Amino acid sequence: MSSVAAVDPPPQERPTGPAVLEDTPARAREEEAEEDPLTKRQQSIQRAAETTPAKTPAKEPNALSVYGSLRVRYRATPERQGIEDGSSRVGIQGRYQLFPQRWISARGEAGFKLLDEVSALANGNSPSGGRGDSFFPRLHYLSYESPNLFLVLGKTWSVYYKVTSFTDRFAGTGGQAAGTYNAGTDGGRTGTGRADDAIQTRIQLDLLPRLLGFEPLSLNVQVQNGQAIPDAWSAHYGLALGISTLLATTKDFSLGVAYHHAEIPEQSNGGLRALGIHGNAEALAIGARWLDDDWYLGTVFARLRNHETTDQGRYFDGRGWELYAQRRLSGRWWGTLGWNWLQPDGGQPLAGDYRLKYGVVGLRYALKDFERYVYGNLKLESSIDEDGSHLENVLTVGLRWNF
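In this text, residue positions in the sequence shown follow the UniProt record's numbering: the first is 1, and each later residue adds one.
1. If the criterion is Cβ atoms closer than 9 Å, does the pair Gln222 and Leu151 meet it?
2. Please state the DSSP three-state secondary structure of Val72.
3. Please state the DSSP three-state secondary structure of Val159.
4. Could you pull the start and end residues of the beta strand (DSSP E) that Lys357 belongs to?
5. Could you check how far apart the C-beta atoms of Trp401 and Leu70 are, in whole angstroms? I think they sit under 8 Å.
6. What does the alpha-carbon distance come out to for the pair Gly184 and Asp231?
7. Comparing alpha-carbon positions, which option in Leu139, Leu247 and Val66 lies nearest Leu208?
8. Nearest by alpha-carbon distance to Arg107: which of Thr245, Leu139 and Arg289 is it?
9. Does DSSP put Lys40 in a helix, a strand or coil?
10. State the Cα-Cα distance for the pair Thr180 and Gly187, rounded to the nearest angstrom.
11. State whether the segment 361 to 379 contacts the segment 283 to 300, with contact taken as three or more CB pairs (one from each stretch) at a distance under 8 Å.
12. Taking Cβ to Cβ, would you say Ser254 is nearer than 9 Å to Phe166?
13. Apart from the five residues just before and just after Pro216, which ones in its own chain have a Cβ nearer than 7 Å to its Cβ?
14. Have a look at Thr77, Leu399 and Arg27 and flag the residue whose alpha-carbon is nearest the alpha-carbon of Asn393.
15. Under 8 Å by Cβ, that's how I've got Tyr237 and Leu275 pegged, so tell me the actual separation to the nearest angstrom.
16. Using only CA atoms, which one of Ser65, Val257 and Asp387 lies nearest to Asp311?
17. Mind checking whether Ser352 and Tyr375 have CB atoms under 9 Å apart?
18. Just to confirm, is the Cβ distance from Ser143 to Ile45 under 9 Å?
19. Determine the direct distance from the alpha carbon of Val66 to that of Val72, and round the result to whole angstroms.
20. Apply the 10 Å Cβ neighbour rule to Pro344 and answer buried if 16 or more other Cβ atoms are within range, or exposed otherwise.
21. Taking just the CA atoms, how far does Pro37 sit from Ile92?
22. On the criterion of 16 or more Cβ atoms from any shown chain inside 10 Å, does Tyr161 qualify as buried, or is it exposed?
23. For the beta strand (DSSP E) containing Gly91, list its first residue and its last residue.
24. Taking the beta strand (DSSP E) that Ala33 falls in, what are its first and last residues?
25. Tell me the start and end of each unbroken beta strand (DSSP E) in the segment 299 to 336 that is at least 3 residues and wholly inside, in chain order.
Structure (structure tokens):
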């Protein structure tokens, strides 16, 4: 994504002190790690506005570009092994400057699983399991952008993800315990992942003393209506509302809270009750992260109701916890460590023995920070399926190459 070409002010006019957002190597690295391009863009615009005098607003040419990310991995368990796609994607993005520091932008992004299709055909199976999803939509939205306000319409990363992204940083695994990608989906229908047909506002508020080292408070609101309920596709959510807020220092710490509520109006529907749904869908996430030039630590706790499902598609209430950490070992070498845990509440017979519980230990060689790298992960499983089956450990070795 093109960066804002901010005008360099004369020395006497350049803002100084802790009120200016610090563009440190750690910030640049973690900004690149963000999955949400709007979060990256908002940070870039805000940083340019902070360092540019009001009488010399940032100017930026109109732009149109194609981008992509090739993500290939080898995955092995005691029972099977093979090479597969790992969330590869390609997209097109463009923006038009209405006025100084005011833009209209659009993005369309598709994921692809061509390697999986070729492998399936070679083995005599129907490609993509017969689902026809070798190409599938990931993002498509229109947005209005300014330093303190973003308005977004379409399929976009949710405001809930503004917090759960703190721990969704593993390559090839993770991100399963905080309710982001619920019920075996991308979180689009319910609205906690890549939200479908959403209307969002993302606002930056200068409510806290900048001299104390705080960034503007981030307040984000999202609305959806009438989306199909995963695993109960003939039933639909009513109004779905998401809200999140993030408080960050200008250096190295962020704290966030997100809440998502999706109304389920058909409470007397016997089919929904048979799936374990007994109220509205709710997800609450509280997260924090710390970062430095040589390390990163993020953690998210979640409380979920009528939101997540077992491997058999039965809904349950439960609690989740995700942890992600990385440490520079030497030069371009990084070690990674993490944890995903999701446990149904007691007294829910439809959930059976289901629980999600695994640790991850990994190694990454950064060819270009988070843009291009090779990695290896060992997923140490203690998860149990609904029927009591224990899951196997998984070894993953992969490549991520952004272009």
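Where is the CB? At the ideal position from N, CA and C, for every residue including glycine.
Keep in mind it's a predicted model, so treat the numbers as computed, not measured.
Quick answer:
1. The sequence position of residue 222 within the sequence shown is 222, counting from 1. The sequence position of residue 151 within the sequence shown is 151, counting from 1. Their beta carbons are not under 9 Å apart, which means Gln222 does not touch Leu151 by this criterion.
2. Counting from 1 along the sequence shown, the entry for residue 72 is found at position 72. Three-state result, Val72: strand.
3. The residue given as residue 159 occupies position 159 in the sequence shown. The answer is coil: DSSP assigns Val159 none of H, G, I, E or B.
4. Along the sequence shown, one-based indexing puts residue 357 at 357. Here the beta strand (DSSP E) through Lys357 covers Leu356 to Lys368.
5. Here residue 401 is taken as the residue at index 401 of the sequence shown, counted from 1. Here residue 70 is taken as the residue at index 70 of the sequence shown, counted from 1. Yes, they are in contact, since the Cβ atoms of Trp401 and Leu70 sit about 5 Å apart, within 8 Å.
6. On the sequence shown, position 184 is the one that residue 184 refers to. On the sequence shown, position 231 is the one that residue 231 refers to. Each residue's alpha carbon lies about 9 Å from the other.
7. Numbered from its first residue, the sequence shown carries residue 208 at position 208. The option with the nearest alpha carbon to Leu208 is Leu247.
8. For this step, residue 107 is matched to residue 107 along the sequence shown. It is Leu139.
9. The residue you call residue 40 lines up with position 40 of the sequence shown. In this structure, DSSP gives Lys40 a helical state, which the three-state scheme calls helix.
10. Taking the first residue of the sequence shown as 1, we reach residue 180 at position 180. Taking the first residue of the sequence shown as 1, we reach residue 187 at position 187. About 6 Å.
11. Result no; under three Cβ-Cβ pairs closer than 8 Å.
12. The residue given as residue 254 occupies position 254 in the sequence shown. The residue given as residue 166 occupies position 166 in the sequence shown. For Ser254 and Phe166, yes; Cβs fall inside 9 Å.
13. One-based indexing of the sequence shown puts residue 216 at position 216. If the five residues before and after Pro216 are omitted, its C-beta is found closer than 7 Å to the C-beta atoms of Gln204, Leu205 and Asp206, all from its own chain and listed in chain order.
14. Position 393 of the sequence shown, counted from the first residue, corresponds to residue 393. Nearest C-alpha to Asn393 among Thr77, Leu399 and Arg27: Thr77.
15. If you number the sequence shown from 1, residue 237 lands on position 237. If you number the sequence shown from 1, residue 275 lands on position 275. Beta-carbon to beta-carbon, Tyr237 and Leu275 are separated by about 14 Å, too far to satisfy the 8 Å threshold.
16. Position 311 of the sequence shown holds residue 311. Cα-wise, what sits closest to Asp311 is Asp387.
17. Against the sequence shown, residue 352 aligns to sequence position 352. Against the sequence shown, residue 375 aligns to sequence position 375. Going by the sequence as given, residue 352 is Gly instead of Ser. Contact: no.
18. Translated into positions along the sequence shown, residue 143 becomes position 143. Translated into positions along the sequence shown, residue 45 becomes position 45. No, these two residues do not count as a Cβ contact at 9 Å.
19. Here residue 72 corresponds to residue number 72 of the sequence shown, with the count starting at 1. Here residue 66 corresponds to residue number 66 of the sequence shown, with the count starting at 1. A straight line joining the alpha-carbon of Val72 with that of Val66 spans about 20 Å.
20. Within the sequence shown, numbered from 1, the residue matching residue 344 stands at position 344. Pro344 is buried by the Cβ-count criterion.
21. Numbered from its first residue, the sequence shown carries residue 92 at position 92. Numbered from its first residue, the sequence shown carries residue 37 at position 37. Taking the straight line joining both Cα atoms gives about 12 Å.
22. Here the question's residue 161 lines up with position 161 in the sequence shown. Buried, since its Cβ has 16 or more Cβ neighbours within 10 Å.
23. Taking the sequence shown and counting its residues from 1, one reaches residue 91 at position 91. DSSP places Gly91 in the uninterrupted beta strand (DSSP E) bounded by Ser88 to Phe99.
24. Here residue 33 refers to the residue found at position 33 when the sequence shown is read from its first residue. Premise fails: Ala33 lies in the alpha helix (DSSP H), Pro25 to Ala33, not in any beta strand (DSSP E).
25. DSSP runs (the beta strand (DSSP E)) wholly in the segment 299 to 336: 315 to 330.
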